[in-house]
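Note that this note's numbering has the sequence shown beginning at 9, numbered continuously upward.
See structure below.
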Amino acid sequence: MCQLSKLDNGMFDTTPKNDQQRLLVARNANQSPLLRLPSELRELICNFTLAGNIIKPAYASRRWAIRPPKHRFSLLRVCRQIYAETASLPYSLSTFSFSTIYRYQEFCDVWYHDAKEKKRLIHFVQVGVDPLDLYGFAEEEEQTEEELEQGWEEEDYHLFRFTTFPALERLDFLVARTTVEDVDEGEGEQSGYVGGERSFSASEVSDAMENMSKVMKDKKPSVRVGCKEFPDGKAMKTYWEITTTESN
9 MCQLSKLDNG MFDTTPKNDQ QRLLVARNAN QSPLLRLPSE LRELICNFTL
59 AGNIIKPAYA SRRWAIRPPK HRFSLLRVCR QIYAETASLP YSLSTFSFST
109 IYRYQEFCDV WYHDAKEKKR LIHFVQVGVD PLDLYGFAEE EEQTEEELEQ
159 GWEEEDYHLF RFTTFPALER LDFLVARTTV EDVDEGEGEQ SGYVGGERSF
209 SASEVSDAME NMSKVMKDKK PSVRVGCKEF PDGKAMKTYW EITTTESN
């Protein structure tokens with residue numbers, strides 16, 4: 009199996025390194041029906057194939073098969089040229105979905121150094137929240153790259169806002185009318201904040217969303233903000249689990 013190195017942006021370097029690889033790349037370009045298509049048509053095909061996925065990032069110690077039987081992004085494995093042309097599409101065409109605000113923070117924390125360039129490719133984000141989460145994000149001051157870097161060096165708390173994604177186009181909230189709990193079920197340990205269940209009225213949810221929308225309009229007017237309400241955190245998480253597919 010050929011081992012590929014990674015570029016500074018986190019993608020694999022698919023540049024042919026020897027004569028055999030260069031010969032194979034040239035042959036594929038000349039003989040493959042897909043690669044012989046005009047680049048514009050090939051781009052349309054790839055966009056159609058890879059668009060619309062919902063990715064639920066998760067950190068886990070579980071080991072997975074090197075070659076799983078089915079993969080939503082198998083197209084990227086076809087050849088070097090296809091990978092080079094489509095490597096960014098799973099990020100730009102997929103929705104990154106998080107069950108709670110704490111999962112979102114965890115994701116940004118892990119990615120801050122390991123995949124810093126990839127977050128610039130993300131266009132769509134979805135997250136489960138309660139009204140308190142919305143107010144918390146709206147009231148916090150945006151941190152600069154220098155402040156975030158300093159927080160890392162000092163092992164201090166740092167907050168990642170939704171403006172963390174420079175190319176963000178749409179931000180959807182799954183809003184529960186009760187406080188949202190974050191528990192790793194089945195592991196015997198709890199992750200994030202677990203508090204007593206508090207209920208919110210429809211007007212409180214509406215006010216929190218209106219406030220968050222105003223903040224996003226001031227900070228990033230190009231971002232469309234959406235909202236789907238649920239009677240409680242359990243209903244919201246059930247919907248989230250049904251409509252997303254976990255990715256590790």
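Virtual Cβ for every residue (Gly too), placed ideally from N, Cα, C.
These figures come from a predicted structure and were not determined experimentally.
Proximity to residue i [Cα-Cα], best of the options
{"i": "Thr103", "options": "Cys87, Ala95, Leu58", "result": "Leu58"}
{"i": "Arg206", "options": "Arg185, His131, Tyr143, Asn219", "result": "Arg185"}
{"i": "Asp180", "options": "Glu212, Ser107, Asp21, Lys127", "result": "Ser107"}
{"i": "Leu84", "options": "Met19, Phe115, Ala210", "result": "Met19"}
{"i": "Arg88", "options": "Arg80, Ala37, Gln113, Gly136", "result": "Ala37"}
{"i": "Lys228", "options": "Tyr99, Ala175, Val33, Gln11", "result": "Ala175"}
Cα-Cα separation between residue i and residue j, rounded to whole angstroms
{"i": "Gln134", "j": "Arg178", "result": "8 Å"}
{"i": "Thr22", "j": "Gln28", "result": "14 Å"}
{"i": "Pro65", "j": "Ser105", "result": "7 Å"}
{"i": "Arg232", "j": "Glu48", "result": "28 Å"}
{"i": "Glu237", "j": "Lys222", "result": "18 Å"}
{"i": "Glu125", "j": "Val213", "result": "34 Å"}
{"i": "Leu140", "j": "Glu147", "result": "11 Å"}
{"i": "Gln39", "j": "Arg50", "result": "15 Å"}
{"i": "Cys116", "j": "Leu43", "result": "36 Å"}
{"i": "Ala216", "j": "Leu129", "result": "28 Å"}
{"i": "Gly241", "j": "Phe208", "result": "11 Å"}
{"i": "Ile99", "j": "His131", "result": "Before going on, a small fix: residue 99 reads as Tyr here, not Ile. About 8 Å."}
{"i": "Arg80", "j": "Thr94", "result": "13 Å"}
{"i": "Asp226", "j": "Leu182", "result": "22 Å"}
{"i": "Ala92", "j": "Pro24", "result": "12 Å"}
{"i": "Gly203", "j": "Ser96", "result": "In this predicted model, Gly203 has a pLDDT of only 48, less than 50, meaning its place in the structure is not dependable; the value taken from the coordinates is given anyway. Near 39 Å, if we compare the C-alpha coordinates of Ser96 and Gly203."}
{"i": "Ser13", "j": "Tyr110", "result": "32 Å"}
{"i": "Gln113", "j": "Ile53", "result": "34 Å"}
{"i": "Leu45", "j": "Ser211", "result": "54 Å"}
{"i": "Glu218", "j": "Thr172", "result": "21 Å"}
{"i": "Met224", "j": "Tyr143", "result": "12 Å"}
{"i": "Ile62", "j": "Leu31", "result": "37 Å"}
Per-residue burial, residue i [other beta carbons within 10 Å of its own, 16 or more giving buried]
{"i": "Val188", "result": "buried"}
{"i": "Gly234", "result": "exposed"}
{"i": "Ile250", "result": "exposed"}
{"i": "Lys245", "result": "buried"}
{"i": "Pro239", "result": "exposed"}
{"i": "Arg35", "result": "exposed"}
{"i": "Phe145", "result": "buried"}
Extent of the continuous beta strand (DSSP E) run through residue i
{"i": "Leu105", "result": "Looking at the sequence shown, residue 105 is not Leu but Ser. That run of the beta strand (DSSP E) goes 103-106."}
{"i": "Phe181", "result": "178-184"}
{"i": "Phe238", "result": "232-238"}
{"i": "Pro65", "result": "62-65"}
Range covered by the alpha helix (DSSP H) that runs through residue i
{"i": "Asp27", "result": "27-39"}
{"i": "Val133", "result": "Per DSSP, Val133 belongs to no alpha helix (DSSP H); it is in the beta strand (DSSP E), 132-137."}
{"i": "Gly241", "result": "241-251"}
{"i": "Lys225", "result": "210-227"}
{"i": "Pro98", "result": "97-100"}
Chain C contact for residue i (CB, 8 Å cutoff)
{"i": "Ala34", "result": "In the structure shown, chain C does not exist; there is a single protein chain."}
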